[in-house]
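In my numbering, the protein residues as written are 366 to 526.
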């Protein structure tokens with residue numbers, strides 16, 4: 366469903382398993398930090414609101430969205446987590462750089478998700494304008510970080526943890 370028709374922060378709490386005892390990794394891109402940090406904050410808040418302990422949430426920073434692939438792979442292989450949330454934001458500019466970064470990051474995270482022992486949650490915003498990013502990081506369309514956290518909890522429960 367298109368974000369324009371769904372608030373990213375809206376979810377039915379009765380459908381979210383208790384996250385107590387679950388461990389989460391967040392790989393956070395520092396590029397466009399105004400947006401990515403807001404998403405990470407919402408993700409942590411949502412995980413804790415649903416039973417996760419803050420000590421069971423590991424956050425690692427990477428320079429930009431393309432580096433989310435390596436950061437998430439490192440976390441899958443080296444951190445004691447039940448799910449990894451990759452958070453980044455790419456905003457279209459004047460060159461095709463946007464297309465390459467979005468496509469490469471999406472493909473890399475998808476491939477990692479296929480091979481990983483734990484779910485890798487896709488939290489990459491791909492926006493045409495800063496306003497679109499703002500609307501998805503706590504603005505009128507909610508916060509993508511909340512959606513990613515709920516997805517992570519559900520996938521860990523699905524995975525039997």
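C-beta: ideal position from N, C-alpha, C; glycine also.
Legend entry - Beta-carbon proximity list for residue 481, same chain, < 6 angstroms, skipping 5 on both sides: Beyond the five residues adjoining it in sequence on each side, residue 481 comes within less than 6 angstroms, by CB distance, of 441 in the same chain, given in chain order.
Inset, instruction - Decide if residue 379 is buried, meaning its Cβ has at least 16 other Cβ atoms within 10 Å, or exposed. - result: Residue 379 sits exposed, since fewer than 16 C-beta atoms from the chains shown fall within 10 Å of its C-beta.
Inset, instruction - Mind checking which residues open and close the alpha helix (DSSP H) that includes residue 522? - result: Note, residue 522: alpha helix (DSSP H), 509 to 523.
Legend entry - Rounded Cβ spacing between residue 390 and residue 444 (contact assumed at less than 8 angstroms): Contact check for residue 390 and residue 444: beta-carbon distance about 5 angstroms, within the 8 angstroms limit, so the pair qualifies.
Inset, instruction - Take residue 474 and list the residues in its own chain whose beta-carbon comes closer than 8 angstroms to its own, dropping the five residues that flank it on each side. - result: Cβ within range, chain order: 433, 434, 437, 451, 485, 487 and 489.
Legend entry - Between the CA atoms of residue 377 and residue 427 - distance to the nearest angstrom: Their Cα atoms are separated by approximately 32 angstroms.
Legend entry - Coil, strand or helix - residue 441 by DSSP: Note: residue 441 maps to helix in three-state DSSP.
Legend entry - the stretch 396 to 411 / the stretch 496 to 515 touching (three or more Cβ pairs under 8 angstroms): Remark: three or more beta-carbon pairs, one from each stretch, lie closer than 8 angstroms, so the stretch 396 to 411 and the stretch 496 to 515 are flagged as touching.
Inset, instruction - Along the beta strand (DSSP E) that carries residue 491, what are the first and last residues, could you check? - result: 485 to 492 is the extent of the beta strand (DSSP E) around residue 491.
Legend entry - As assigned by DSSP and simplified to three states, the class of residue 392: Of the three classes helix, strand and coil, the one that applies to residue 392 here is strand, per DSSP.
Legend entry - Continuous alpha helix (DSSP H) assignments of at least 4 residues falling wholly in the stretch 396 to 455: Counting whole runs of 4 or more residues, the stretch 396 to 455 contains the alpha helix (DSSP H) stretches 398 to 414 and 433 to 443.
Inset, instruction - Provide the residue(s) that pair with residue 502 in DSSP beta bridges, ordered along the chain. - result: Beta-bridge pairing links residue 502 to 508.
Legend entry - C-beta atoms of residue 449 and residue 392 nearer than 8 angstroms: In this structure, residue 392 lies closer than 8 angstroms to residue 449 by Cβ.
Legend entry - Exposure of residue 493, with buried meaning 16 or more beta-carbon neighbours within 10 Å: With a threshold of 16 other beta carbon atoms within 10 Å, residue 493 falls short and is exposed.
Inset, instruction - Go ahead and label residue 383 buried or exposed: buried means 16 or more other beta carbons lie within 10 angstroms of its beta carbon, across all protein chains shown. - result: Exposed.
Legend entry - Secondary structure of residue 495, DSSP reduced to three states: In the structure shown, residue 495 sits in a helix (DSSP, three-state: H, G or I).
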